[in-house]
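Notes to accompany the following structure.
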Amino acid sequence: MNYKVIMPALALALIVGTTAACSQGGAGSKGTEQSNAQGNEAKKEAPPEPVTIELLVGWKIIDEDLEQIFYKPLAAKYPHIKLNITTATTTNNITTMVAAGTVPDMLIMGTGNMQQLLDLNVALDLNEQIKLQGFDMNKLDPSIVQTIKSFGKKGEIFALPYGLNYEALYYNKSLFDRFAVGYPTDGMTWDAVIDLARKVTRTDGGVQVRGLGSSTLVRIASPLALNRFDPATGKVSINTEAWKRAFQVYQSIVSIPGNTNDKKNSDELNAFLYDKTMSMYPYIGLFHRMAEAAKGGLDWDLATYPQFPDKPGVYGEADAYYLFVTPNSKHQKEAFQVISAVLEKEAQLAASKKGSVVTPLIDKEVRDSFGKESEVLKGKNVQAIFKHRPVPIHSNLTKFDATADGQLNSGALQLFGNAKDINTIIRETEEAINQKVAAQGSK
């Protein structure tokens, strides 16, 4: 304690008649107090013990993005915390780790993995740490927060996002220039994009150029946020007008003459990125693939994802890259500090400028900064990914949704060559889902 700070108290004691002896006694106490305070201060300033957090990632994240998104923010705010990151493989993943009793402290997974992690009981409810560490949930995109909360039946928050997945309409500028057709623009509907695709689907120098990728049925349906199962009965619920709309869009795409091949468009991604034989590709985040594609000669740009007329400004259901803390971790506090460090505005701003992450923050400065320091994204219409918004995920989430999605996507493939009509496909897909669910439920 600073001696000057306690002098007014000593002077006041003398004024009210305290004896010199008492004053000297007070000085002795003061010395003890000062010594104790210095000792306490020393204890407070003692650096925290080093902690290593084991983190399993469900997919490969390139080193540059790991540095921007995780290592730099953590070193700046919590230098005593180190991350040991492992990428999941077919033989070393969360399922095998649960079986072996080697579950890590943290996980990075997507929305589609959420139910699996809950079934495995490897997702901690973060509410306690959110409260203890004063984390502000209001800074996050509300559609993502609502999606997270939809997985918690009692208000649990099982994960927080460090980045958003997004959807866009990517296009090959060279093909549009070659065919003298105007580029796609922001705000186009599916019908408008399909009409445009007809103009850029043609044979060029003996090479078939496809105008528009079909992606998957479930992705096309995403802006409609459709349940797979009826919340009241639990039965399959895809024989609806809304699901038929998605099938009709898919059918319109694959019915364009010359817009399909004998692989049922399973090669779409390579056709767009590397073969450069696809004019437009509606898909999720591809920025991490564009550097390599550009080196191969792809001259590309993007526009907003095609929209349904009655769902203007919506690109799909909220999807994100999530950070989980596991219940058995001995370092839950530090694990949450990793999350809070990654979601600091300064950290998100730096990563956003590099194009490493599409921020889940609603902060305009961070969003506007996206790709500003990225050579790959220089001059591109990257703000298109923010012009449309996600909607919260469909309301009736079940552990069988992934099974239903697989059957829906495979069912839609029967629209190639008009092998079957939509009503027949939906009926048969419904039957197939029921059979798969029954088989899984009996295990």
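If you use mature numbering (1 follows the signal peptide of the UniProt record, and there is no 0), the sequence shown corresponds to residues -20 to -1, 1 to 423, in order.
Using N, Cα and C, we set each Cβ at its ideal position, and we do this for glycine too.
Here the structure is a predicted model, which means the values were calculated and not measured.
| query | result |
| --- | --- |
| Closer than 6 angstroms by C-beta to A103: which residues in its own chain qualify, once you throw out the five before and the five after it? Chain order, please. | L97, F138 and F304 |
| Is the beta carbon of Q109 sitting closer than 8 angstroms to the one on K313? | yes |
| Under the rule that 16 or more other beta-carbon atoms within 10 Å means buried, what is G214, buried or exposed? | exposed |
| Given a cut-off of 8 angstroms on the beta-carbon distance, is the pair G90 and V337 in contact? | no |
| Return the bridge partner residues of M89 from the DSSP annotation. | Y302 |
| Exposed or buried, N152, counting other C-beta atoms within 10 Å across all chains shown (16 or more means buried)? | buried |
| Going by Cα to Cα distance, which pick from L278, K367 and K334 is closest to E353? | K334 |
| Go to A148, then tell me how far its alpha helix (DSSP H) extends in each direction, as first and last residue. | Segment E147 to N152 is the beta strand (DSSP E) holding A148; no alpha helix (DSSP H) there. |
| Can you tell me which of the three DSSP states M117 falls into? | helix |
| On the DSSP bridge assignment, give the partners of L282 in chain order. | Y150 |
| Would you say the stretch 277 to 292 touches the stretch 153 to 161, given that touching needs at least three Cβ pairs under 8 angstroms? | yes |
| Return the chain-ordered list of same chain residues with a C-beta closer than 8 angstroms to the C-beta of A1, the five sequence neighbours on each side being excluded. | A caution first: A1 carries a pLDDT of 40, below 50, which makes its placement in the model unreliable, though a value can still be read off. Cβ within range, chain order: n/a, list empty. |
| Looking at L54: is its Cβ nearer than 8 angstroms to the Cβ of L106? | no |
| Quick one: is I342 buried, meaning 16 or more other Cβ sit within 10 Å of its Cβ, or exposed? | exposed |
| Considering only DSSP beta bridges, list what F252 is partnered with. | Note: F252 sits in no beta bridge, so no partner. |
| Could you tell me which residues DSSP puts in a beta bridge with N64? | E34 |
| Can you say whether E147 is buried or exposed, counting buried as having 16 or more other CB atoms within 10 angstroms of its CB? | buried |
| Under a Cβ-count criterion, where at least 16 other Cβ atoms within 10 Å of its own Cβ denotes burial, should D171 be classed as buried or exposed? | exposed |
| Using only alpha-carbon positions, find the residue among E25, A26, P27 and I33 that is nearest to A310. | Ala is not the amino acid found at residue 310; the sequence shown has Lys there. Checking every option, the nearest Cα to that of K310 belongs to I33. |
| Measuring CB to CB, does V371 end up less than 8 angstroms from A205? | yes |
| In the DSSP assignment, find the unbroken alpha helix (DSSP H) run with L97 in it and report its ends. | M94 to D99 |
| Of the residues I319, Y285, P27 and V322, which one's Cα is nearest the Cα of Q363? | Y285 |
| Which of the three DSSP states is assigned to F209 in this structure? | strand |
| Hey, could you find the ends of the alpha helix (DSSP H) G391 is sitting in? | D381 to A392 |
| Could you check how far apart the C-beta atoms of F115 and S332 are, in whole angstroms? I think they sit under 8 angstroms. | Their Cβ separation, rounded to whole angstroms, is 20 angstroms, which puts F115 and S332 out of contact at 8 angstroms. |
| Does the pairing of the stretch 388 to 396 with the stretch 230 to 240 give three or more beta-carbon distances under 8 angstroms? | yes |
| Residues in its own chain within less than 6 angstroms of I264 by CB, not counting five upstream and five downstream? | N145 and E147 |
| Kindly indicate the opening and closing residues of the alpha helix (DSSP H) around M77. | I74 to A80 |
| By how many angstroms is the C-alpha of F267 removed from the C-alpha of K358? | 12 angstroms |
| Taking the C-alpha atoms as reference points, what is the distance between L(-9) and L35? | Unreliable positioning characterises L(-9) in this predicted model, as indicated by a pLDDT of 32, which lies under 50. The coordinate reading is nonetheless provided below. In a straight line, the C-alpha of L(-9) is about 59 angstroms away from that of L35. |
| Have a look at R407, P59, V234 and Q126 and flag the residue whose alpha-carbon is nearest the alpha-carbon of P28. | P59 |
| Just curious, the beta strand (DSSP E) that V371 is in, first and last residue? | R369 to V371 |
| How is the alpha helix (DSSP H) around V125 delimited, first residue to last? | P122 to S130 |
| Whose CA, out of L197, G135, L323 and A251, lies closest to the CA of Q48? | L323 |
| Where does L377 fall in DSSP's three states? | coil |
| Using a threshold of 8 angstroms, state whether the C-beta atoms of N239 and L192 are closer than that. | yes |
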